[in-house]
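What follows is one structure encoded as structure tokens, with my remarks underneath.
Protein chains in written order, with our numbering: chain A, 6 to 165; chain B, 65 to 453.
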């Protein structure tokens with residue numbers, strides 16, 4: 006049931022336990038219990054809206070930052086990655102294979118605020134060797150959702 | 065002779081108009097309808113398949129292919145039919161790429177029937193079977209399937225309708241509109257019936273990949289010794305959500321295929337080339353492409369079954385395809401009146417069961433090839449509607 010349940014929730018986190026119970030062929034209480042377990046065990050880490058920032062009146066800037074760091078003798082990249090992750094500007098942080106080590110998704114109110122974060126906070130951390138900052142221009146798809154308005158579904162209303 | 069209906073082909077003029085068509089005309093006068101009346105997937109074709117069609121056009125693949133279809137596509141079809149359903153077909157002589165399974169059915173009937181030959185087919189069924197048989201100068205002989213049997217085809221019902229003029233039996237499981245499937249023992253019994261009466265068996269298995277509750281489709285192609293009298297129809301429309309590509313195939317023994325191919329060659333030349341390249345791409349990872357769609361259909365089917373049960377609408381549990389076939393007779397309306405009044409009162413479209421044969425009366429077809437949000441709303445409105453009856 007876990008995989009089907011998570012599939013439903015990934016599509017629509019607001020789906021009611023009653024509906025999910027019908028979809029999965031179980032009791033609503035079983036669905037609620039399963040969700041509570043997944044939250045307790047940290048599999049479900051939170052519940053968020055998928056927001057298209059491009060449509061908000063107030064400007065919002067998103068940047069992707071590639072960071073090269075020096076791994077430490079004890080713990081490799083973990084300590085520095087966790088230190089970077091604690092900044093509230095950082096929305097996501099990943100350790101990557103390839104030409105750089107950490108990939109950060111950083112949000113801010115303006116180019117200037119993101120630039121300031123990079124130059125004053127990120128680049129000054131001991132162990133950070135270099136950063137490369139790329140600014141997002143437009144969002145086409147986010148969290149699996151296409152940002153373009155859906156058209157009608159293109160089918161005839163009645164077919165055999 | 066004046067110009068008018070008497071100048072038209074009598075066996076065509078005499079065909080009834082499709083009940084679906086009539087209902088379409090009613091529904092299309094309204095706005096904002098939630099439609100559970102659509103017999104095709106709501107999913108768009110997986111992108112890599114659409115992209116392959118685009119790439120084929122960019123590469124100038126805009127010419128005819130061989131009559132039977134691209135050799136590599138026929139090979140891929142033969143491999144898929146063998147691996148998935150256990151049929152053994154020679155791609156060079158026993159596989160034909162067609163424009164929809166409907167073309168395949170038409171080809172098979174025209175290749176096999178002489179005027180007056182009878183063809184058994186079961187109702188409720190896809191709307192075109194009876195007319196297709198008649199257009200091939202055959203005599204359609206409907207056999208009822210009943211809700212008491214979960215709409216499986218019973219041998220007793222077949223035996224009651226078979227005559228010395230019967231030449232073929234046309235079956236469709238998983239079934240549109242009932243959602244019924246056959247178990248291995250049903251398939252064996254029907255195959256035995258076909259052999260016993262020396263009939264050709266035409267099996268439309270277009271919904272073969274869509275079975276629920278852990279049940280797997282049993283193909284007639286897997287029945288030992290049946291191949292020489294079997295026409296197997298399948299295609300890409302439902303399982304790969306490729307209805308608009310019009311891509312399907314016929315598998316038939318070589319003795320039949322020569323004649324089937326002759327008709328296709330004079331009539332169609334070849335299936336559209338970009339669609340064939342799309343189909344070839346579709347054969348690369350069928351299981352991966354289908355999995356998310358199949359999971360969604362099954363959850364919707366569970367939802368609809370539970371919602372109808374809650375609303376007190378009796379229904380056999382559909383085990384295949386993407387149709388629920390609830391029984392509405394107890395509400396005291398004909399299935400057509402039920403559908404029209406539901407549309408009127410709640411703006412939800414379902415198809416009257418009578419559109420799929422006389423024995424479909426008392427039922428309506430609800431397609432769950434519709435997003436879960438729409439399905440929830442439709443189920444709630446149907447529940448509200450039946451309370452008023």
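For glycine and all other residues, C-beta sits at the position ideal for the given N, C-alpha and C.
In three-state terms, what does DSSP make of residue 357(B)? Within the second chain, residue 357(B) is the residue found at index 293, counting from 1. Helix.
Is the CB of residue 162(A) under 9 Å away from at least one CB in chain B? Translated into positions along the first chain, residue 162(A) becomes position 157. Taking 9 Å as the threshold, the shortest C-beta distance from residue 162(A) to chain B falls below it.
Short of 8 Å Cβ to Cβ, which residues in the segment 71 to 102 of chain B face chain A?
Listed by position along the chain: 82, 84, 87, 88, 91, 92, 97, 99, 101 and 102.
Taking C-beta pairs closer than 9 Å, name the residues in chain B that residue 118(A) reaches, listed in chain order. Your numbering for residue 118(A) matches position 113 in the first chain. Within chain B, no C-beta atom comes nearer than 9 Å to that of residue 118(A); the closest sits roughly 37 Å away.
(request) Spell out whether any CB of chain B is found under 9 Å from the CB atom of residue 29(A). (result) Translated into positions along the first chain, residue 29(A) becomes position 24. Yes, residue 29(A) counts as interfacial toward chain B.
query: Does the beta carbon of residue 279(B) come closer than 9 Å to any beta carbon on chain A?
result: Against the second chain, residue 279(B) aligns to sequence position 215. By this cut-off, residue 279(B) is not an interface position.
- Query: Would residue 425(B) count as contacting chain A if we go by Cβ distances under 9 Å?
  - Reply: Here residue 425(B) refers to the residue found at position 361 of the second chain. No, residue 425(B) does not count as interfacial toward chain A.
- request: Please check if any C-beta of chain B sits within less than 9 Å of the C-beta of residue 17(A).
  value: As a working mapping, residue 17(A) is identified with position 12 in the first chain. Cβ-Cβ to chain B under 9 Å: yes for residue 17(A).
Could you pull the start and end residues of the alpha helix (DSSP H) that residue 243(B) belongs to?
What you label residue 243(B) is simply residue 179 of the second chain in a count that begins at 1. That residue, residue 243(B), is in no alpha helix (DSSP H); it is neither H nor E in DSSP.
Run through the DSSP bridge pairs and tell me what residue 100(A) is partnered with. On the first chain, position 95 is the one that residue 100(A) refers to. Beta-bridge pairing links residue 100(A) to 107(A).
- [ ] Can you pull the chain B residues whose beta carbon is under 7 Å from the beta carbon of residue 115(A), in chain order?
- [x] Against the first chain, residue 115(A) aligns to sequence position 110. In chain order: nothing, as chain B lies at least about 35 Å away.
Endpoints, alpha helix (DSSP H) assigned at residue 173(B):
In the second chain, counting from the first residue as 1, residue 173(B) sits at position 109. Looking at the DSSP string, the run of the alpha helix (DSSP H) that includes residue 173(B) is 164 to 176.
Comparing C-alpha positions only, which one of 83(A), 74(A), 114(A) and 91(A) sits nearest to residue 104(A)?
Locating residue 104(A) in the first chain gives position 99, counting from the first residue. Of 83(A), 74(A), 114(A) and 91(A), the residue nearest in Cα terms is 74(A).
Might you give, ordered along the chain, the residues of its own chain that have their beta carbon closer than 6 Å to the beta carbon of residue 134(B), omitting 5 neighbours on each side?
-> Locating residue 134(B) in the second chain gives position 70, where the first residue counts as 1. 340.
Exercise for the section: Just grab the DSSP bridge partners of residue 232(B) for me. Expected result: Locating residue 232(B) in the second chain gives position 168, counting from the first residue. Looking at the DSSP assignment, residue 232(B) forms a beta bridge with 183(B) and 264(B).
Between the alpha carbons of residue 66(A) and residue 46(A), how many angstroms are there, rounded? Taking the first residue of the first chain as position 1, residue 66(A) is located at position 61. Taking the first residue of the first chain as position 1, residue 46(A) is located at position 41. One alpha carbon belongs to residue 66(A), the other to residue 46(A), and they sit about 33 Å apart.
Put residue 146(A) into one of helix, strand or coil per three-state DSSP. Along the first chain, read from residue 1 onward, the residue named residue 146(A) stands at position 141. Residue state, collapsed to three classes: strand.
* Asked: What did DSSP end up calling residue 115(A) once you bin it into helix, strand or coil?
  -> Numbered from 1 along the first chain, position 110 holds the residue referred to as residue 115(A). Coil at residue 115(A), not helix or strand.
Exercise for review: Would you kindly report the start and end of the unbroken alpha helix (DSSP H) that includes residue 112(B)?
Suggested key: Here residue 112(B) refers to the residue found at position 48 when the second chain is read from its first residue. Taken as a continuous stretch (DSSP letters only), the alpha helix (DSSP H) holding residue 112(B) covers 111 to 122.
**Message:** Please report the distance separating the alpha-carbon of residue 311(B) from that of residue 164(B).
**Reply:** Translated into positions along the second chain, residue 311(B) becomes position 247. Translated into positions along the second chain, residue 164(B) becomes position 100. Roughly 5 Å between the two C-alpha positions.
What in chain B is Cβ-close to residue 22(A), meaning under 9 Å? Reading the first chain from its first residue, position 17 is the one you call residue 22(A). Those within 9 Å of residue 22(A) in chain B number zero; the least Cβ separation is about 13 Å.
> Counting Cβ pairs closer than 8 Å, one from the segment 280 to 300 of chain B and one from the segment 199 to 208 of chain B, do we hit at least three?
Replying inline: Judged by Cβ distances under 8 Å, the segment 280 to 300 of chain B makes no contact with the segment 199 to 208 of chain B, as fewer than three pairs qualify.
- Item | Best match in 28(A), 107(A) and 42(A) for proximity to residue 84(A) [C-alpha to C-alpha] | Counting from one through the first chain, the residue named residue 84(A) turns up at place 79. Among 28(A), 107(A) and 42(A), the Cα nearest to that of residue 84(A) belongs to 107(A).
Open item on the list: Can you find the residues in the same chain that come closer than 6 Å, C-beta to C-beta, to residue 235(B), ignoring five residues on each side of it along the sequence?
Closed with: The count along the second chain starts at 1 and reaches residue 235(B) at position 171. Around residue 235(B): 267.
Proximal residues to residue 407(B) (C-beta, below 6 Å), its chain only, five neighbours per side dropped:
Residue numbering aside, residue 407(B) sits at position 343 when the second chain is read from its first letter. Answer for residue 407(B): 413, listed in chain order.
Between the CA atoms of residue 63(A) and residue 125(A) - distance to the nearest angstrom: Sequence index remark: in the first chain, residue 125(A) carries index 120 (1-based). Sequence index remark: in the first chain, residue 63(A) carries index 58 (1-based). Cα-Cα distance, rounded: 24 Å.
Is it the case that the Cβ atoms of residue 131(B) and residue 333(B) are separated by a distance below 9 Å?
What you label residue 131(B) is simply residue 67 of the second chain in a count that begins at 1. What you label residue 333(B) is simply residue 269 of the second chain in a count that begins at 1. Taking 9 Å as the Cβ cut-off, residue 131(B) and residue 333(B) qualify as a contacting pair.
(message) Quick test of your reading: residue 439(B) and residue 368(B), contact by CB under 8 Å. State the CB separation rounded to the nearest angstrom.
(response) Stepping through the second chain from its first residue, residue 439(B) is reached at position 375. Stepping through the second chain from its first residue, residue 368(B) is reached at position 304. The Cβ separation is near 6 Å, so the contact holds.
Does any CB atom of chain C fall closer than 9 Å to the CB of residue 324(B)?
Any reference to chain C falls outside this structure, whose protein chains are A and B.
Query - Residue burial classification, residue 191(B) (beta-carbon count within 10 angstroms, cutoff 16) - result: The residue labelled residue 191(B) in the question sits at position 127 within the second chain. Buried is the call here.
query: Of all the residues that make up the segment 357 to 368 of chain B, which are near chain A by a beta-carbon distance shorter than 8 Å?
result: Listed by position along the chain: 359, 363, 364, 366 and 367.
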